[in-house]
Each structure stands twice: as structure tokens, then as C-alpha cells.
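Trainee:
Protein chains in written order, with the working numbering: chain F, 364 to 700; chain R, 364 to 700.
#1: Can you tell me whether residue 417(R) is buried or exposed, with buried defined as 16 or more other CB within 10 angstroms of its CB?
#2: Please classify residue 432(F): is it buried, with 16 or more other beta-carbons within 10 angstroms of its beta-carbon, or exposed?
#3: I'd like to know if residue 656(F) contacts chain R, where contact means its C-beta is closer than 8 Å to some C-beta of that chain.
#4: Assuming residue 491(R) and residue 535(R) make a contact with CB atoms under 8 Å, what is their CB distance in whole Å?
#5: Are the Cβ atoms of residue 430(R) and residue 443(R) separated by less than 8 Å?
#6: By the three-class DSSP mapping on this structure, what secondary structure does residue 443(F) have?
#7: For residue 513(R), which residues from the same chain have a beta carbon less than 7 Å from its beta carbon, with the 5 sequence-adjacent residues on both sides left out?
#8: With a threshold of 8 Å between beta-carbons, can residue 372(R) be considered close to chain F, or not?
#9: Runs of 3 residues minimum, wholly inside the region 522-607 of chain F: which ones carry the beta strand (DSSP E) assignment?
#10: Taking 8 Å as the cut-off, does the region 499-519 of chain F touch the region 638-646 of chain F (at least 3 CB pairs, one atom from each stretch)?
#11: Is the region 680-689 of chain R close to the region 364-377 of chain R, with three or more CB pairs under 8 Å?
#12: Considering only residues of the same chain and omitting the five flanking positions on each side of residue 408(R), which have a CB-CB separation below 6 Å?
#13: Identify the contact partners of residue 466(R) in chain A, using a Cβ-Cβ distance below 8 Å as the criterion.
#14: When you compare the CB of residue 411(F) with every CB in chain R, is at least one pair closer than 8 Å?
#15: What are the residues that DSSP puts in a beta bridge with residue 432(R)?
#16: Does any CB atom of chain R fall closer than 8 Å to the CB of residue 475(F)?
#17: When the Cα of residue 476(F) is compared with those of 423(F), 678(F), 515(F), which residue comes out closest?
#18: Along the chain, which unbroken stretches of the beta strand (DSSP E) at least 3 residues long are found entirely within the region 467-498 of chain F?
#19: Taking residue 378(F) as the reference, which of 546(F), 415(F), 434(F) has the closest Cα?
#20: From which residue to which residue does the alpha helix (DSSP H) around residue 376(F) run?
#21: Taking C-alpha atoms, which residue in 652(F), 402(F), 564(F) lies nearest to residue 577(F)?
#22: Can you tell me whether residue 438(R) is buried or exposed? The criterion is at least 16 other CB atoms within 10 Å of its CB, across all chains shown.
#23: Using 8 Å as the cut-off, can you tell me whether the region 540-550 of chain R makes contact with the region 645-655 of chain R, which would need three or more C-beta pairs spanning the two stretches below that distance?
#24: Below 8 Å on the Cβ atoms is my contact criterion, and I expect residue 599(R) with residue 610(R) to pass it. Report the Cβ-Cβ distance as a whole number of Å.
#25: Closer than 7 Å, Cβ to any Cβ of chain F: which residues of the region 418-444 of chain R, in chain order?
#26: Counting Cβ pairs closer than 8 Å, one from the region 549-562 of chain F and one from the region 509-529 of chain F, do we hit at least three?
#27: With respect to the beta strand (DSSP E) encompassing residue 703(F), which residues constitute its N-terminal and C-terminal limits?
#28: What's the gap between the Cα of residue 662(R) and the Cα of residue 510(F)?
#29: Counting only the same chain and skipping the five closest in sequence on each side, list residues whose C-beta sits under 8 Å from that of residue 447(R).
#30: With a 10 Å radius around its C-beta and 16 neighbouring C-beta atoms as the bar for buried, classify residue 571(R) as buried or exposed.
#31: Listing by chain order, which chain R residues have their CB less than 7 Å from the CB of residue 659(F)?
#32: Comparing C-alpha positions only, which one of 481(F), 483(F), 458(F) sits nearest to residue 471(F)?
#33: What does residue 512(F) pair with, by DSSP beta-bridge criteria?
#34: Tell me which same chain residues have a C-beta within less than 8 Å of the C-beta of residue 469(R), skipping the five on either side of it?
#35: Could you check how far apart the C-beta atoms of residue 605(R) and residue 453(R) are, in whole angstroms? I think they sit under 8 Å.
#36: Of all Cβ atoms in chain R, is any one closer than 8 Å to the Cβ of residue 542(F)?
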């Protein structure tokens with residue numbers, strides 16, 4: 364079925380408020396889940412919502428935990444998420460980074476003690492909607508081996524970069540530093556498909572595209588092999604050092620779950636250097652050139668990062684957001700509990 | 364042969380001054396070439412030096428081009444490299460980003476109209492030596508196809524992140540967003556070896572580890588396939604929008620060579636949030652945990668990013684820097700021209 368964006372927000376908000384989430388936070392969180400779904404990232408929108416409610420019910424998410432600024436020095440701030448709703452905390456911290464960028468040209472907020480932000484790309488779109496370049500990342504549970512190792516010690520630490528375009532067709536890269544998420548590997552196995560490119564190691568230590576083999580070892584591949592391993596470590600350390608929060612190592616030891624995360628939000632205001640027209644012209648020129656590449660398949664087309672999300676959003680806002688029947692049943696049942 | 368660091372600096376400086384490079388710039392550039400060699404990155408140190416001299420001789424590098432600040436807003440600045448020596452420009456701009464970070468917590472310098480910075484990692488080490496987190500990148504010639512395309516439209520745009528440790532054993536990630544450089548692919552082909560992991564496409568459109576096949580198409584792989592393609596585009600756009608400089612597209616159209624590049628330098632001072640002891644403790648804990656991973660080979664060991672460079676530097680500073688006889692002949696011959 365397809366459900367209208369506003370209706371989705373209303374149902375999410377209703378359930379969250381029913382759990383005691385303060386009205387404003389419930390609205391912000393509900394909008395985030397609905398936006399992620401509108402952009403086609405259902406895994407971190409509508410499909411993920413029931414799991415977040417279970418985290419509220421088991422008090423891993425503290426519904427009255429409000430983010431607060433603990434330390435400030437010029438354009439750099441440290442915030443504590445007080446284990447509140449991860450997507451609410453992240454939205455507030457990116458807003459603050461944007462404010463700092465408007466004041467100083469560039470601003471950074473390091474956030475500790477927060478929860479899963481759902482889809483990182485959202486905060487890139489948020490910065491770009493405010494006319495800013497956005498760079499942000501989160502750490503995670505230990506879910507990937509460092510290069511050369513067998514056991515999971517580092518995180519897949521999603522990393523986001525966004526560049527604004529005044530017509531809203533921003534360039535937004537949103538990528539974990541693992542080649543595939545656990546969810547994607549499971550999904551492929553259930554469908555009986557191979558991964559499109561190698562995603563991990565089999566039990567013999569060979570790199571493979573077979574999801575069932577990877578599930579036996581959970582030795583997933585970092586993007587670029589040793590490169591993604593290094594990027595993962597650096598992202599984790601920068602966030603932890605600046606926020607005073609948990610490293611991937613800490614999260615594994617303390618929680619054995621994706622709780623008490625550390626995140627970074629950096630915004631840069633290109634309007635301090637350029638007119639909007641100039642920025643738009645740079646993006647137009649580069650994106651046109653890239654899209655004019657020769658496709659490797661006869662009917663192929665080249666997409667820039669963020670293009671698909673924008674197109675999906677336009678379609679979903681017009682025709683409603685696709686929701687699986689069983690997911691919708693689970694969600695509406697939550698209204699009654 | 365092995366040549367002492369100071370002797371290498373002296374010879375480089377001598378040759379540069381002989382070409383008319385001002386004394387201070389010649390010293391900075393010479394130190395950069397020698398440092399890259401000391402850290403074991405010979406490809407962007409001693410081995411690259413003759414090529415840089417040829418760029419000076421053909422006036423692609425303007426020896427009197429001095430970097431200057433063109434625009435400033437708080438913690439964000441735009442500089443023009445005036446086509447001067449790339450490694451001198453980059454060092455000056457990272458120094459300025461560090462100054463801004465000391466003043467505002469975080470600082471960024473966008474540099475346009477510069478030349479090849481040699482090894483990007485150097486500027487990460489530079490920030491970390493000043494007690495700062497360093498994040499920097501450069502764009503390049505179009506040398507990689509965007510994901511889904513056959514023709515090279517995007518750059519391999521090296522990306523660097525560094526985190527300081529007070530004993531100088533910093534964590535420094537330095538990675539191009541292509542899996543392998545053209546140089547590495549050529550080196551493997553000459554040695555008759557396969558690449559250690561897939562690096563590009565063969566003429567049939569299949570992903571391969573065969574360097575000779577990749578050289579037929581020059582369709583090299585981005586790290587993480589579509590992910591590295593997206594990262595490449597975002598890095599290029601951020602630098603170009605903030606600096607007002609050339610995009611990868613522009614560089615291909617204007618120069619058909621690695622000239623007139625755009626670079627970003629971001630520094631963050633963790634000392635505004637933490638004591639040095641606290642930062643050190645976070646790094647120690649995480650790096651110990653990572654190094655305690657179970658190796659995938661019997662005699663394997665897990666290295667953190669930057670560890671090998673540090674060890675190589677210690678050895679090379681003690682025993683001299685290895686230089687190939689024929690490279691040394693070429694360099695000393697430059698003294699006489």
C-alpha cells in the first residue's frame with residue numbers, strides 16, 4: 364500500500380507520544396522516519412520504526428533525554444545526547460553546526476551519548492536545505508574486522524557529505540565504510556542472490572559474493588579493503604576525541620548493542636565565499652559532465668549521488684510512500700499497546 | 364644506496380635554488396620531498412623530484428607564485444596558490460588551517476590554482492604534529508570513470524584524516540578514492556604480478572586483478588565501487604565551491620595534466636575539548652584493541668593507519684633513506700643543468 368507522508372508522520376507521532384515522548388521530540392522523530400521513507404530508505408524509516416519503539420520500551424532510548432551543549436570553543440562544540448532519541452539528537456546537532464557555520468563560516472558539533480540516527484543522509488540533506496555543505500558521521504557497534512584480522516573490532520561508521528543546490532537537487536553521498544550492511548547481506552541470502560560485488564570472506568578465508576558464506580564468518584569487507592578499514596578507525600577516533608564519548612571499542616564492551624553512540628556534525632557555509640548562482644553553476648557543470656559519461660551498459664545511465672533519492676521523494680510525495688502490509692500491521696498495532 | 368635526510372634536503376634545495384626558486388620556498392619544498400621519502404613514500408618523494416623539476420622547467424609550476432588569502436570569513440578562508448610549488452602551497456595552507464583551529468576550535472582553508480601536493484599524508488602529519496586533527500584532500504585530473512560509466516570523468520582525489528598522539532605516533536589515513544594508482548598498476552604489470560585485490564575492468568567489462576588488462580581500458584575501480592565514485596564527486600565539489608577553483612572537469616578541459624588543482628585543508632584542535640592525556644588515552648585504548656585482533660594469517664599482525672610510516676621513518680632517519688642508484692644519478696645530474 365501507499366501512505367501519504369502527512370499520515371505517516373501523524374501515526375508515528377501518535378505512537379511516540381503514546382510512549383510518553385514529549386510532543387516536539389515526537390514530531391521531529393516522526394518527520395525523520397517519514398522523510399527517510401519518502402526518500403526510499405525504508406530500512407531506516409518505516410521498516411525500522413517498530414525496533415525503535417522496542418528500544419524505548421526497554422529504556423535503551425531515554426525519552427526524556429535532551430541534547431545539551433557541554434563545552435564550547437568558538438566554532439567547535441561538544442554536546443551530550445543523554446541517550447535520547449538518536450534522530451532527534453542528530454537533527455538538533457546538525458542545526459547547531461549550521462548556526463555555527465553561519466556565524467564562523469564553518470562549525471562543528473561533536474555529540475556523545477546518543478542513539479542510532481537512523482539514516483545519516485538525512486542530516487546531509489538538512490545541511491544542504493539550509494544552504495550549507497554538510498559532513499557528518501556516526502560510529503557503531505564493532506561490526507567489521509580491521510584489515511588483516513578475523514574478528515570484528517571496528518565499525519562500519521556511516522559517512523555523509525552533502526553539497527547544496529538552490530533547487531533542492533543536492534549532491535548527497537551517504538555511505539557506510541563496510542561494502543554492505545548486515546541487512547543487505549541477509550536480504551540477498553533470503554532472495555537466493557549473490558551480492559553484486561564481493562562483500563566478505565568465506566570460511567576458507569577467500570573473498571566472496573556469496574551472502575550465505577559471509578554469514579558464516581561475518582568477516583565483512585571494508586570499502587577499498589585496507590582503505591575503508593583505516594577510514595573507519597579515523598572516523599571513530601575523531602568523534603570520540605572531540606565528543607568525549609564512546610569509541611566503537613567502548614560500545615562493544617559496554618552495551619553489546621548500538622547504544623551510546625558518538626557522532627560528528629560539520630557544516631560549512633559556501634555563501635560566505637560565493638553567490639548561490641556561482642555554487643549552482645559549479646554543480647551544474649560537473650553533474651552534466653558526469654551524466655554525459657558513456658554508460659557501461661546499453662540502456663545504462665549515470666546517476667550522481669543523491670539523484671535517486673530526490674526522484675524517489677518526488678514520486679513518493681505525490682503518490683504516497685510504499686509500505687509493506689505486514690509492516691503497516693505491526694506499526695498500527697503499536698498504536699494500541 | 365642510503366642517503367641521510369639532511370643531505371637529501373640539501374641536494375633538493377640546491378637544485379631548486381639553482382632553478383630560481385626563492386630560498387625559503389626551496390627549503391620547504393626540499394624538506395617535503397625528503398620527509399615523504401623518509402616515511403617510505405618514495406613515489407612522492409625522491410622518485411618524483413625530477414618530474415617536478417621538469418614542471419618548473421616547462422613553467423607549469425610558477426616558481427614565484429606565492430599563496431595568498433583572497434577571502435576570509437571567521438574560521439573559513441579562500442586562498443589562491445598562484446600556480447606555485449604544490450607542496451609549499453599545501454604546507455602553508457595547512458599551517459593557516461591550524462592557526463584558525465587554535466583561534467576558533469576548527470578552521471578551514473580552501474585553496475585554488477595550486478599544483479600537485481606530492482603526498483597528501485604529509486599535511487595530516489603536519490596537523491597532528493601541531494596537536495590538531497587534520498582533514499584534507501585534493502582533486503586531480505579526470506582519471507577514473509564514475510560508477511556505471513566507461514570514460515574517466517572523476518578524480519581519484521586523495522583524502523587524508525589524521526588524529527594526533529603526543530608521542531608523535533599519530534593515526535594518519537591517506538587514501539586516494541581509486542583502489543590503485545596508475546603507478547601501482549603499471550608497477551604490478553612490469554613485475555608480472557596480479558593486483559592483490561580487483562583494481563579495474565578488462566576489455567570485456569569484467570572486474571579483474573590483471574594489471575595488463577586494466578591498462579587496456581584504464582577503467583580503474585573506485586574504492587567501494589559506487590561509494591568511492593560518490594565520495595570522489597563530493598570531495599571535488601566541496602573544494603571547488605569553497606575555493607572558487609577548478610573542478611576535476613575543469614582540470615581535464617583546461618590542462619589535460621595535473622595542474623591548477625583545488626585542495627581543502629581542515630584542522631580541528633582537540634585541545635579545546637580535552638587534555639592531551641585524555642586524547643592519548645582514547646587513542647591508546649582503541650589502537651591496543653585493534654592490534655589485539657586475531658590475524659587472518661598465522662604470522663600476521665594488525666597495523667593501525669600511519670604505524671608503518673612511523674616505523675619506516677625511524678629506520679630511515681637512523682640508517683639513511685634508500686635511493687635507487689639510477690634515481691640518484693638523475694637527481695645529481697640536475698644539479699649541473
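We put the CB at the ideal spot given by N, CA and C, even for glycine.
Only a predicted model underlies this, so the values are computations on that prediction, with no experimental measurement involved.
Mentor: Based on what the coordinates show:
#1: exposed
#2: exposed
#3: yes
#4: 7 Å
#5: yes
#6: strand
#7: 582
#8: no
#9: 522-526, 534-538
#10: no
#11: yes
#12: 396, 399, 400
#13: Absent here is chain A; the protein component of the structure consists of chains F and R.
#14: no
#15: 442(R)
#16: no
#17: 423(F)
#18: 469-478
#19: 415(F)
#20: 368-381
#21: 564(F)
#22: buried
#23: no
#24: 6 Å
#25: 434, 436, 437, 438, 439, 441
#26: no
#27: Chain F is shown from 364 up to 700; residue 703(F) falls before or after that span and cannot be answered.
#28: 14 Å
#29: 388, 424, 425, 426, 427, 428, 429, 430, 477, 478
#30: buried
#31: 511, 512, 513, 568
#32: 458(F)
#33: 658(R)
#34: 438, 463, 629, 630, 631, 632
#35: Rounded, the Cβ-Cβ distance is 15 Å, inconsistent with contact.
#36: yes
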